[in-house]
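Under numbering that gives the first Met the number 0, the first residue of the sequence shown carries the number 0, and numbering increases by one thereafter. Below is one structure; the comments refer to it alone.
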Amino acid sequence: MALVVQKFGGTSVADPQKILAAARKAVARHAAGDRVVVVVSAMGHQTDHLVDLARQITPRPSAREMDMLLSTGEQVSVALFAMATQSLGVEAVSLTGAQIGIRTDSTHTKARIRSISTDHTRKLLDSGAIVIAAGFQGIDQHGNITTLGRGGSDTTAVALAAVLGADLCEIYTDVDGVYTTDPRVLPEARRLPSISYDEMLELASLGAGVMHPRSIEFAKKFGVPVLVRSSFRDVPGTLIVAADRATPRPASGVALAKDEARITIEGVPDQPGSSHALFSRLAASGIAVDMIVQNVGQHGRADISFTVPADDREQALELSAAVARALHAAAVSHDADLAKVSVVGVGMAREQGVAGRMFSALAAEGINVRMITTSEIKISVLVDKTDGPAAVRAVHRAFALDRETVDDLSGGPTASLGRSSPLDVVNRLEGMEDLAIEDCILDASQALVTFIDLPDTPGVAADVFEEVGRAHLFVDMIVQSHPTGGRAELSFTVPAADRDRATTVARKIAAARGGTVADVPHVAKLSITGVGIRSHAGVADRLFKPLADEGINIDLVSTSEVRLNVVVAADQGERSLAVLRQAFGLG
Ligand code: ADP
Ligand code: ASP
Ligand code: MG
Numbered sequence: 000m001a002l003v004v005q006k007f008g009g010t011s012v013a014d015p016q017k018i019l020a021a022a023r024k025a026v027a028r029h030a031a032g033d034r035v036v037v038v039v040s041a042m043g044h045q046t047d048h049l050v051d052l053a054r055q056i057t058p059r060p061s062a063r064e065m066d067m068l069l070s071t072g073e074q075v076s077v078a079l080f081a082m083a084t085q086s087l088g089v090e091a092v093s094l095t096g097a098q099i100g101i102r103t104d105s106t107h108t109k110a111r112i113r114s115i116s117t118d119h120t121r122k123l124l125d126s127g128a129i130v131i132a133a134g135f136q137g138i139d140q141h142g143n144i145t146t147l148g149r150g151g152s153d154t155t156a157v158a159l160a161a162v163l164g165a166d167l168c169e170i171y172t173d174v175d176g177v178y179t180t181d182p183r184v185l186p187e188a189r190r191l192p193s194i195s196y197d198e199m200l201e202l203a204s205l206g207a208g209v210m211h212p213r214s215i216e217f218a219k220k221f222g223v224p225v226l227v228r229s230s231f232r233d234v235p236g237t238l239i240v241a242a243d244r245a246t247p248r249p250a251s252g253v254a255l256a257k258d259e260a261r262i263t264i265e266g267v268p269d270q271p272g273s274s275h276a277l278f279s280r281l282a283a284s285g286i287a288v289d290m291i292v293q294n295v296g297q298h299g300r301a302d303i304s305f306t307v308p309a310d311d312r313e314q315a316l317e318l319s320a321a322v323a324r325a326l327h328a329a330a331v332s333h334d335a336d337l338a339k340v341s342v343v344g345v346g347m348a349r350e351q352g353v354a355g356r357m358f359s360a361l362a363a364e365g366i367n368v369r370m371i372t373t374s375e376i377k378i379s380v381l382v383d384k385t386d387g388p389a390a391v392r393a394v395h396r397a398f399a400l401d402r403e404t405v406d407d408l409s410g411g412p413t414a415s416l417g418r419s420s421p422l423d424v425v426n427r428l429e430g431m432e433d434l435a436i437e438d439c440i441l442d443a444s445q446a447l448v449t450f451i452d453l454p455d456t457p458g459v460a461a462d463v464f465e466e467v468g469r470a471h472l473f474v475d476m477i478v479q480s481h482p483t484g485g486r487a488e489l490s491f492t493v494p495a496a497d498r499d500r501a502t503t504v505a506r507k508i509a510a511a512r513g514g515t516v517a518d519v520p521h522v523a524k525l526s527i528t529g530v531g532i533r534s535h536a537g538v539a540d541r542l543f544k545p546l547a548d549e550g551i552n553i554d555l556v557s558t559s560e561v562r563l564n565v566v567v568a569a570d571q572g573e574r575s576l577a578v579l580r581q582a583f584g585l586g
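Dropping the structure here:
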């Protein structure tokens with residue numbers, strides 16, 4: 000007898016007929032002898048309507064009252080779902096977040112789950128009932144109703160599956176599964192039979208709206224298999240599982256974040272502590288930043304750029320301006336109307352020429368790349384918002400994601416059911432959804448090559464990485480700064496043994512395109528691994544402070560949901576490692 004959590008999204012319960020159809024799925028599972036917990040979203044666009052109502056009262060409704068209001072959407076749908084289940088002859092009990100015992104922190108409208116009690120739910124399941132749980136909501140320690148952020152019912156479902164020890168969490172939605180990119184943006188997108196937690200976490204947090212990213216944090220930490228499938232068609236769906244059960248590919252998908260803003264603090268004194276001053280302020284306001292790029296300081300000054308979702312731009316700008324004044328920086332510049340396009344794949348790190356392929360595809364479309372950051376499993380570029388869809392199409396095609404592949408799960412998704420073991424770090428967490436840091440390691444085997452004053456024209460990055468690819472050089476980190484004065488800075492790391500060849504290639508391009516090349520024969524790269532690294536505001540801050548306190552300067556940074564990399568001078572590698580291990584509680 001298995002325990003299954005089934006989640007139904009808004010479109011899947013949009014009207015009474017759909018609620019009845021969804022209830023039939025739960026009843027069928029129950030009839031097959033399984034214990035069933037159902038998590039339901041608000042009906043159709045009910046949450047949007049409620050948001051709109053609030054806005055008609057006041058442009059700035061208080062966050063607590065927003066939560067009180069929005070939580071009603073799910074209260075309606077669980078009650079109707081329970082009635083539907085009962086009408087089909089099976090005992091069902093609907094519960095609000097508070098009644099289940101989903102305890103959260105008090106960050107209204109984006110609360111994080113601290114704990115979930117399972118006693119009540121288990122008793123009901125033992126009695127033979129189907130439990131119908133309201134998604135997206137919880138209760139804080141003072142008894143206030145909280146919500147988990149838009150799309151948060153996925154997170155409720157996977158978190159419940161985690162604590163109940165469920166064998167499977169099924170996410171019923173309006174698409175057939177997880178696609179190589181949003182099928183509504185690109186019709187040639189294909190459904191993936193399976194995808195690893197890391198890839199899904201990355202895709203979701205970089206803009207793929209099909210899953211709430213925080214749900215995948217839970218899935219990975221607790222080893223819960225998640226099956227995304229259609230509410231309306233009986234087709235196999237996509238299984239989200241641990242990497243050893245998913246098929247590694249150089250690229251699994253492309254994500255588009257349609258509305259991003261870039262902020263640059265120009266002329267920051269290039270000294271330890273500047274980055275900390277900035278990112279601690281942003282973290283304190285709960286703003287999660289991405290694509291942090293700091294160019295190598297010239298004349299003792301550097302530019303620090305980062306991106307935030309457009310919604311956070313105003314607040315991020317205000318905070319940046321204040322920090323810039325305090326640091327006596329030259330200026331703060333910003334750009335809205337940008338889009339972030341990312342390609343994600345766990346097999347990427349083992350392949351040569353991945354970067355070249357991506358940048359060439361963009362160059363062929365005449366798309367200018369405004370910033371670049373990479374991690375082991377993804378490459379992100381910042382482009383003009385109007386170029387976003389074309390960039391997605393070009394990259395999707397460049398990685399042959401539009402082509403059919405053989406279904407890699409022999410016997411269909413259900414053949415690979417069963418939980419993976421939870422990560423060790425889970426036992427050390429105070430709250431279930433706390434940031435989970437697993438390890439910090441030092442890699443002293445790489446060299447750093449930097450183009451300074453590279454012209455800001457389409458195709459430059461393509462030129463560089465096509466040449467690098469032709470020379471069969473393995474590139475690890477790539478960072479391209481936001482151009483100031485029409486010139487950008489582009490850095491990448493290669494194995495130290497390849498430094499001469501890499502520098503020769505770089506000089507050749509600099510001779511043709513302009514710019515100069517600087518290289519460092521040995522650098523130290525520190526990698527912190529864990530879950531939810533980018534989306535938990537404050538990780539960058541926790542990284543920068545201890546290094547600044549030790550007087551260690553950071554040359555390059557790159558972040559992803561599962562990894563944070565920094566490059567420092569080779570002779571500071573060991574000390575940085577010790578400092579970071581301590582800062583992140585790794586003993
Ligand atoms: P629900 O209401 O069921 O939670 P959502 O609207 O949150 O559904 O998520 C499903 C939608 O996610 C799809 O309709 C699709 O447009 C969008 N989407 C974005 N990226 C992807 C992707 N890579 N694969 C599948 N769907 C995606
Ligand atoms: N009803 C909430 C929303 O629309 C939560 C969810 O559907 O996941 O965002
Ligand atoms: Mg959703």
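Every residue, glycine too, gets a C-beta built ideally from N, C-alpha and C.
Taking the DSSP output, what are the residues bridged to T483? R486
On the criterion of 16 or more Cβ atoms from any shown chain inside 10 Å, does P454 qualify as buried, or is it exposed? exposed
Note down the Cα distance separating G151 from H211, rounded to an integer number of angstroms. 6 Å
Tell me the residue span of the alpha helix (DSSP H) that contains T502. Residue range 498–512 is occupied by the alpha helix (DSSP H) that includes T502.
Between N294, G285, H298, K339, which has its C-alpha nearest T306's C-alpha? K339
Opening and closing residue of the alpha helix (DSSP H) in which K634 lies: Nothing can be reported for residue 634: it is not among the residues displayed for the chain, which extend from 0 to 586.
Between I451, L447, M199, which lies nearest to I553 when the distance is taken from Cα to Cα? Comparing Cα positions, the closest option is L447.
Taking contact to mean 3 or more Cβ pairs, one atom from each stretch, closer than 8 Å, check whether the segment 494–512 and the segment 465–476 are in contact. yes
So does the segment 170–182 actually touch the segment 128–138, counting three or more Cβ pairs closer than 8 Å? no
Measure the C-alpha to C-alpha separation of I378 and E549 and round it to an integer number of angstroms. 31 Å
Which residues share a DSSP beta bridge with K377? V343, S374
Taking 8 Å as the cut-off, does the segment 212–219 touch the segment 189–201 (at least 3 CB pairs, one atom from each stretch)? Taking 8 Å as the limit for Cβ pairs, the verdict is that the segment 212–219 does touch the segment 189–201.
Taking 7 Å as the cut-off, does the CB of D310 come closer than this to any heavy atom belonging to ligand 2? no
In the structure shown, what three-state DSSP assignment does R265 receive? Going by the sequence as given, residue 265 is Glu instead of Arg. Looking at E265 - three-state DSSP - the assignment turns out to be strand.
Could you have a look at R427 and say whether DSSP puts it in helix, strand or coil? Under the three-state reduction of DSSP output, R427 falls in the helix class.
How long is the line joining the alpha carbons of A245 and V267, rounded to whole angstroms? 44 Å
Can you say whether G72 is buried or exposed, counting buried as having 16 or more other CB atoms within 10 angstroms of its CB? Classification of G72: buried, given that the 10 Å Cβ count is 16 or more.
So, for A81: in the same chain, excluding its five sequence neighbours on each side, which residues have a beta-carbon less than 6 Å away from its beta-carbon? A91, S93, I131
Hey, is A20 close to ligand 4, as in C-beta under 7 Å from one of its heavy atoms? Ligands in the displayed structure: ligand 1, ligand 2 and ligand 3; ligand 4 is not one of them.
Since A582 and V288 are thought to touch, with beta carbons under 8 Å apart, how far apart are those beta carbons, to the nearest angstrom? About 19 Å; that fails the 8 Å criterion.
Cβ neighbours of L576 in the same chain (closer than 7 Å, five flanking residues each side left out): Within the same chain, and ignoring the five residues on either side of L576 in sequence, the residues whose Cβ sits closer than 7 Å to its Cβ are C439, L441, L525.
Output the residue ranges of the beta strand (DSSP E) runs that lie fully inside the segment 101–132 and measure 3 residues or longer, sorted by chain position. 101–103, 112–115
Beta-bridge pairing of A91 - partner residues as DSSP gives them: I129
Taking buried to mean at least 16 other C-beta atoms within 10 Å of its own C-beta, is A188 buried or exposed? buried
Could you check the C-alpha separation between K544 and A83 for me, to the nearest Å? About 55 Å.
Among V331, A301, T155, R324, which one has its Cα closest to the Cα of P313? Residue identity differs from the one stated: residue 313 is Glu in this sequence, not Pro. Among V331, A301, T155, R324, the Cα nearest to that of E313 belongs to V331.
Can E73 be considered in contact with ligand 2, in the sense that its beta carbon sits closer than 7 Å to one or more heavy atoms? yes
Report whether the distance from the Cβ of T146 to the nearest heavy atom of ligand 1 is below 7 Å. Short note on T146: C-beta not closer than 7 Å to any heavy atom of ligand 1.
Does N294 pass the burial test, meaning 16 or more other C-beta atoms within 10 Å, or should it be called exposed? It counts as buried.
If we count the other Cβ atoms within 10 Å of its Cβ and call it buried at 16 or more, is T515 buried or exposed? Burial check for T515: the Cβ neighbour count within 10 Å stays below 16, so the residue is exposed.
Let's see if you can read the secondary structure: which residues bound the beta strand (DSSP E) around K384? First-last for K384: undefined, no H or E at that position.
Can you tell me the Cα-Cα spacing of L585 and T492, whole angstroms? 26 Å
Between the segment 46–53 and the segment 13–32, can you find at least three pairs of beta-carbon atoms closer than 8 Å? Contact fails between the segment 13–32 and the segment 46–53, because fewer than three Cβ pairs, one in each stretch, are under 8 Å apart.
Using the C-alpha atoms, what's the distance from T145 back to T106? 8 Å
Any heavy atom of ligand 1 closer than 7 Å to the Cβ of T155? No, the beta carbon of T155 sits no closer than 7 Å to any heavy atom of ligand 1.
Can you find a heavy atom of ligand 2 that lies under 7 Å from the Cβ of S116? For ligand 2, not one heavy atom lies less than 7 Å from the Cβ of S116.
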